[in-house]
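Residue numbers (our numbering): 1 to 84.
Glycine is no exception: its CB is placed at the ideal position from the N, C-alpha and C atoms.
Here the structure is a predicted model, which is why all the values come from computation and not from measurement.
Take a look at the structure below.
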């Protein structure tokens, strides 16, 4: 069941991040899920480095916010690397 919740939260975080970064039209659902899950890991790493308590296993708004922040950072980095 935790995998299902992780996929749903990842998809939500990836979708929100793609809208913030104006990439919503060019990304599909699968890409949103991947970006959201990786973004969640990045966001959690950054949160622990700056002293913010890591998000627990339960579903929370703070967890989504950290995942979205990480996904936005990931999309920004991808944009820098792929910019022509």
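The stretch 43-54 and the stretch 15-24 do not touch, with fewer than three beta-carbon pairs separated by less than 8 Å.
Per DSSP, the unbroken alpha helix (DSSP H) holding residue 67 starts and ends at 61-82.
Around the Cβ of residue 17, a 10 Å sphere holds 16 or more other Cβ atoms; the residue is buried. Around residue 9, the same chain offers 36, 40, 59, 63, 64 and 67 as residues with beta carbons nearer than 8 Å, after the five sequence neighbours per side are excluded. The three-state secondary structure of residue 10, taken from DSSP, is helix. Counting the other CB atoms within 10 Å of its CB gives residue 72 a total of 16 or more, which places it among the buried residues. Judged by their CB atoms, residue 69 and residue 43 are nearer to each other than the 7 Å cut-off. Bounds of any alpha helix (DSSP H) do not take in residue 28, whose DSSP letter is neither H nor E.
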